[in-house]
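Here's the structure, in structure tokens; my notes come after.
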Amino acid sequence: MTSDKISIILLGNEGILIKQNDTKILVDALHDKNNAGFSPVPSSILEDLLLDHKPFDNIDYVLFTHCHSDHFSSSILKKYLIDRSLDGLFLPQNQSKHYNDLSAATSRLNIPIHYLNIPLYEKQSFALKKGIKLTCFNSVHAGDQFAHIENYCYLIAFDNNSILIIGDADYKSDYFDYVLMGSKVDTLLVNPLYINNPLGRNVITRINPSQLVVYHIPFKSDDAIGFRNMVKRDLIRYQNVLPKTMVLQDELQEIYLI
Numbered sequence: 001m002t003s004d005k006i007s008i009i010l011l012g013n014e015g016i017l018i019k020q021n022d023t024k025i026l027v028d029a030l031h032d033k034n035n036a037g038f039s040p041v042p043s044s045i046l047e048d049l050l051l052d053h054k055p056f057d058n059i060d061y062v063l064f065t066h067c068h069s070d071h072f073s074s075s076i077l078k079k080y081l082i083d084r085s086l087d088g089l090f091l092p093q094n095q096s097k098h099y100n101d102l103s104a105a106t107s108r109l110n111i112p113i114h115y116l117n118i119p120l121y122e123k124q125s126f127a128l129k130k131g132i133k134l135t136c137f138n139s140v141h142a143g144d145q146f147a148h149i150e151n152y153c154y155l156i157a158f159d160n161n162s163i164l165i166i167g168d169a170d171y172k173s174d175y176f177d178y179v180l181m182g183s184k185v186d187t188l189l190v191n192p193l194y195i196n197n198p199l200g201r202n203v204i205t206r207i208n209p210s211q212l213v214v215y216h217i218p219f220k221s222d223d224a225i226g227f228r229n230m231v232k233r234d235l236i237r238y239q240n241v242l243p244k245t246m247v248l249q250d251e252l253q254e255i256y257l258i
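Heads up: the sequence shown begins at 1 in UniProt numbering, then just goes up one per residue.
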């Protein structure tokens, strides 16, 4: 692999580490609860994160799409931030403000913390290190029961690849058309329901990425809901309407983006 290749390592559920050279971005990767059958980040990986063991040493940025327990843990984040240097922490303001222990802890840190409170149909961009651009927007969470939950999407633009992480965003193709107007998406990360649901497939078609990464899949030992078989079946069924697709579903599995 050439040195500027981007890789993604799966930690658990939608918890990932994005790497390019010595730049590392951690997304939705600090949690330990089995929520609705979805795998937590294994304790051994959390220990490696907390102790800065490779490849989790020298993390630059930590991002959270939303604060559901299969994506985020206030107590683990609080532990992770102790005596740590980061270039930036990004998380939803309206959800994280309910964690008083986190607010108290972060107020004492010398870390740039961005509590996102972006109105719908608007976006906010940040210049990260080494020319990387991060664009954030709120899409709200899929499902009527979660319509009050902010779900932040992150478009991470490297020199050679723009990666869009949409978390558990609602399947609203017109909304993505609007907020992504003028933006190029090379790699789109989605959960399996975007493949299974026709509205989700329409979002993928409209975003029109060069490649698709499917994750938010239980590890084999946790897969009581049959997501792994569903993904395998749906990728065959809809292969003619999907871009080149890779699946992230195993602990510490690593893929390289084209």
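For every residue, glycine included, the Cβ atom is placed at its ideal position computed from N, Cα and C.
How far does the beta strand (DSSP E) with residue i in it extend, from its first residue to its last?
{"i": "residue 12", "result": "6-12"}
{"i": "residue 165", "result": "162-165"}
{"i": "residue 125", "result": "124-127"}
{"i": "residue 19", "result": "15-20"}
What number of angstroms, rounded off, separates the C-alpha of residue i from the C-alpha of residue j?
{"i": "residue 238", "j": "residue 250", "result": "22 angstroms"}
{"i": "residue 294", "j": "residue 43", "result": "Outside the displayed range of the chain (1 to 258) lies residue 294, so it cannot be described from this structure."}
{"i": "residue 22", "j": "residue 121", "result": "33 angstroms"}
{"i": "residue 58", "j": "residue 117", "result": "27 angstroms"}
{"i": "residue 133", "j": "residue 124", "result": "11 angstroms"}
{"i": "residue 2", "j": "residue 163", "result": "Unreliable placement is indicated for residue 2, whose pLDDT of 44 sits below 50; the coordinate value is still reported in the next sentence. Roughly 18 angstroms separates the two Cα atoms."}
{"i": "residue 87", "j": "residue 153", "result": "19 angstroms"}
{"i": "residue 71", "j": "residue 197", "result": "22 angstroms"}
{"i": "residue 232", "j": "residue 200", "result": "17 angstroms"}
Looking only at C-alpha atoms, which of the options sits nearest to residue i?
{"i": "residue 221", "options": "202, 38, 21 and 4", "result": "38"}
{"i": "residue 130", "options": "191, 19, 248 and 252", "result": "19"}
{"i": "residue 27", "options": "192, 185, 202 and 155", "result": "155"}
{"i": "residue 89", "options": "75, 111, 78 and 69", "result": "111"}
{"i": "residue 61", "options": "128, 148, 248 and 189", "result": "128"}
{"i": "residue 67", "options": "247, 150, 215 and 40", "result": "150"}
{"i": "residue 5", "options": "225, 158, 201 and 223", "result": "158"}
{"i": "residue 69", "options": "30, 188 and 258", "result": "30"}
{"i": "residue 211", "options": "189, 41, 253 and 48", "result": "189"}
{"i": "residue 243", "options": "233, 224 and 204", "result": "204"}
{"i": "residue 9", "options": "253, 77 and 195", "result": "253"}
{"i": "residue 168", "options": "183, 138, 255 and 93", "result": "138"}
{"i": "residue 140", "options": "126, 94 and 79", "result": "94"}
Using the Cβ count rule (16 or more neighbours within 10 Å means buried), how would you classify residue i?
{"i": "residue 180", "result": "buried"}
{"i": "residue 53", "result": "exposed"}
{"i": "residue 14", "result": "buried"}
{"i": "residue 225", "result": "exposed"}
{"i": "residue 73", "result": "buried"}
If you follow the alpha helix (DSSP H) that residue i is in, where does it begin and where does it stop?
{"i": "residue 44", "result": "43-50"}
{"i": "residue 227", "result": "227-237"}
Please confirm if residue i has its CB atom under 7 angstroms from at least one CB of chain B.
{"i": "residue 62", "result": "Reference to chain B is not applicable here, since this structure consists of a single protein chain."}
If contacts are defined as beta-carbon pairs under 8 angstroms, then residue i and residue j qualify, I think. What distance do you get, rounded to the angstrom?
{"i": "residue 186", "j": "residue 161", "result": "5 angstroms"}
{"i": "residue 192", "j": "residue 214", "result": "6 angstroms"}
{"i": "residue 195", "j": "residue 234", "result": "4 angstroms"}
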